[in-house]
Amino acid sequence: FLFVMAAACASLSRVLVGTVIHSKSFSELEVLRNRIVGIAADGRISFVEEKSSLESLKESWSSTVEIVEVNEPKFIIPGFIDSHIHAPQYSFTGTGYDLPLLDWLNKYTFPTECQLSDADLANRVYSDVIKRTLANGTTTASYYATIDLETTKLLVKLLYKAGQRALVGKVNMDSNSPDNYIENAEDSVQETKEFISFTTEEFTSQYEKNAASAQVLPIVTPRFVPSCSATLLKKLGEIAQGQDLHIQSHISENKAEIEWVKSLHPDIHSYTEVYHHFGLLTNKTIMGHGVYLSDEELQLFQKQGAGISHCPISNFALRSGIFNARKTIDFGVKVGLGTDVSGGYSPSMLEVMRQAVIASTAIYFQDEKYQPLTFKEVFYLATQGNAELVGMADQIGTIEPGKFFDALIIDPACEASPFNNYDFVANTTEDIFQKFIFLGNNQNIEKVFVQGKPVQ
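Under our numbering, the first residue of the sequence shown carries the number -18, and numbering increases by one thereafter.
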């Protein structure tokens, strides 16, 4: 043990001393006070030890190791993960909530995304959404871009520049789409392959410059079933399974959408089975929404290892419906949380957590035996739950040795804090953490780390 610890200390770049809070399980929060977190040069966590061993450990550290004191009431938590966000839509976030999903897409979304083929505009919008999500503590995001190849590549480059970990998808749309915002199947497939090759080459290039670069991965992204022909869906399934790639899309968000899918694929039993039929329901699939999935569909999700990004803000804002997160988890299906910017009007995962609690409480009003989600459970969904959903549970999501240090330093007592960090009754570390979940905002996020490096 001493030899291993000495070796770990030899490669240290930074050490944080303070309280660590993360999820031990879906319903269990772990509060570790007086801890030392060692971060290696490659951004991984070398050790998490008791503060009492600080002086003895220092003897094996290089003089260049930075020691960061995270004094109470400050604490360290894992970075938030956003498993469903549309980068181009950030430009009109907070507007356009007068229409349900399908009308909203045609009036607001498609015209906006079409404009993002302009490189200068894309540069501005994509830079802003990365900056805003990092400021709100999102260290990893699964982004939808647009159908435009070159500006989707630009998003990847901007993510490396900013240091945010991500999945990025070039959107595929060859059917039932506006004349000025549509592809043909052949071009869509070819450009998807080109984008996948580009992301691989870009990571190699970035890694040569800096071995601690947080990776940006490609994710196969058919927008949703109505916007993709059977030919395109089949080819995308072959690409994803042939290269073992992540997949993201939308499912059962809105009742009118479900009826549309039935009319397009009358011979396939359910929306979920359409994706399964074309090889797009795998253990690397992240489906947004899933509001109206049947028990049979949830069983298929569980069997395939696919998961759902719960987007409560969007579900409320576009009047889509209420997703039953607890029921889905009880079926053994992976569930995480997504902002769904801009169907969701906030880029803050804190706000998503709160809305997830509200959504589950609304279900309780109809069934008093139902247990609404707790603050501990939604925190899990935004961190370790999302890490499992995006296939990175062994890399991020908690503060443990071997994982990357994607983390936030939270300051409940900062000058602009929206809540008081003291209370005559509720004043334990867990109480203050709960206040942060329900009342905190980006003002409380003092520092954002991705792969061991401060990026905000």
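No residue lacks a Cβ here, since even glycine has one placed at the ideal position from N, Cα and C.
Once DSSP output is grouped into helix, strand and coil, what is the label at residue i?
i           : result
residue 130 : helix
residue 315 : strand
residue 188 : helix
residue 83  : helix
residue 93  : helix
residue 104 : helix
residue 61  : strand
residue 111 : helix
residue 366 : helix
residue 213 : helix
residue 350 : coil
residue 428 : strand
residue 377 : coil
residue 400 : coil
residue 320 : coil
residue -16 : Bear in mind that the predicted position of residue -16 carries a pLDDT of just 40, short of 50, making it unreliable; the figure below should be weighed with that in mind. In the structure shown, residue -16 sits in a helix (DSSP, three-state: H, G or I).
residue 262 : coil
residue 327 : coil
residue 299 : coil
residue 7   : coil
residue 420 : helix
residue 413 : helix
residue 304 : coil
residue 120 : strand
residue 255 : helix
residue 159 : coil
residue 98  : coil
Sorted by chain position, which residues of the same chain lie with C-beta nearer than 6 angstroms to residue i's C-beta, five sequence neighbours on each side aside?
i           : result
residue -17 : The predicted model places residue -17 with a pLDDT of 42, which falls under 50 and marks its position as unreliable; any figure quoted below should be read in that light. Counting only Cβ-Cβ distances below 6 angstroms, and skipping sequence neighbours, we find nothing.
residue 379 : 3, 59 and 365
residue 383 : none
residue 235 : 82 and 301
residue 447 : No statement about residue 447 is possible, as the shown extent of the chain runs from -18 to 437 and does not include it.
residue 385 : 24, 25, 376, 377 and 432
residue 143 : 111
residue 78  : 298
residue 361 : 4 and 7
Buried or exposed for residue i, please, with buried defined as at least 16 other CB atoms from any protein chain shown within 10 angstroms of its CB.
i           : result
residue 346 : exposed
residue 48  : exposed
residue 375 : exposed
residue -6  : buried
residue 16  : buried
residue 432 : buried
residue 75  : exposed
residue 406 : exposed
residue 43  : exposed
residue 435 : exposed
residue 393 : buried
residue 224 : exposed
residue 72  : buried
residue 237 : exposed
residue 358 : buried
residue 14  : exposed
residue 321 : buried
From the DSSP output, read off the bridge partner residues of residue i.
i           : result
residue 268 : 230 and 289
residue 125 : 67 and 150
residue 16  : -1 and 31
residue 202 : 152
residue 25  : 385
residue 47  : -5
residue 435 : 430
residue 360 : Residue 360 is not bridged to any residue.
residue 390 : 57 and 428
residue 137 : Looking at the DSSP assignment, residue 137 forms no beta bridge with any residue, so it has no partner.
residue 197 : 147
Quick one: residues in its chain with C-beta nearer than 8 angstroms to the C-beta of residue i, no 5 flanking neighbours on either side, listed in chain order?
i           : result
residue 221 : 201, 227, 228, 260, 261, 263 and 265
residue 314 : 279, 282, 283, 287, 288 and 289
residue 285 : 257, 262, 263, 264 and 266
residue 395 : 424, 425 and 427
residue 310 : 7 and 316
residue 438 : No answer is possible for residue 438: the residues shown for the chain start at -18 and end at 437.
Near residue i, which residues of its chain fall below 7 angstroms by C-beta distance, leaving aside the five closest residues on each side in sequence?
i           : result
residue 398 : 424 and 425
residue 390 : 51, 55, 57, 427 and 428
residue 122 : 63, 66, 114, 145 and 147
residue 53  : 0
How about residue i: is its C-beta nearer than 8 angstroms to some C-beta of chain C?
i          : result
residue 54 : Among the chains in the structure shown there is no chain C, since it carries only a single protein chain.
Can you find at least 3 beta carbon pairs, one from the stretch 79 to 92 and one from the stretch 416 to 433, that sit closer than 8 angstroms?
no
Taking contact to mean at least 3 C-beta pairs separated by less than 8 angstroms, is the stretch 160 to 173 in contact with the stretch 187 to 198?
no
Check whether the stretch 205 to 221 touches the stretch 129 to 146, counting contact only when three or more Cβ pairs, one atom from each stretch, lie closer than 8 angstroms.
No: fewer than three Cβ pairs fall under 8 angstroms.
Three-pair Cβ contact test at 8 angstroms for the stretch 14 to 26 versus the stretch 269 to 284
no
Assess contact between the stretch 348 to 368 and the stretch 152 to 159, defined as three or more Cβ pairs (one per stretch) separated by less than 8 angstroms. Is contact present?
no
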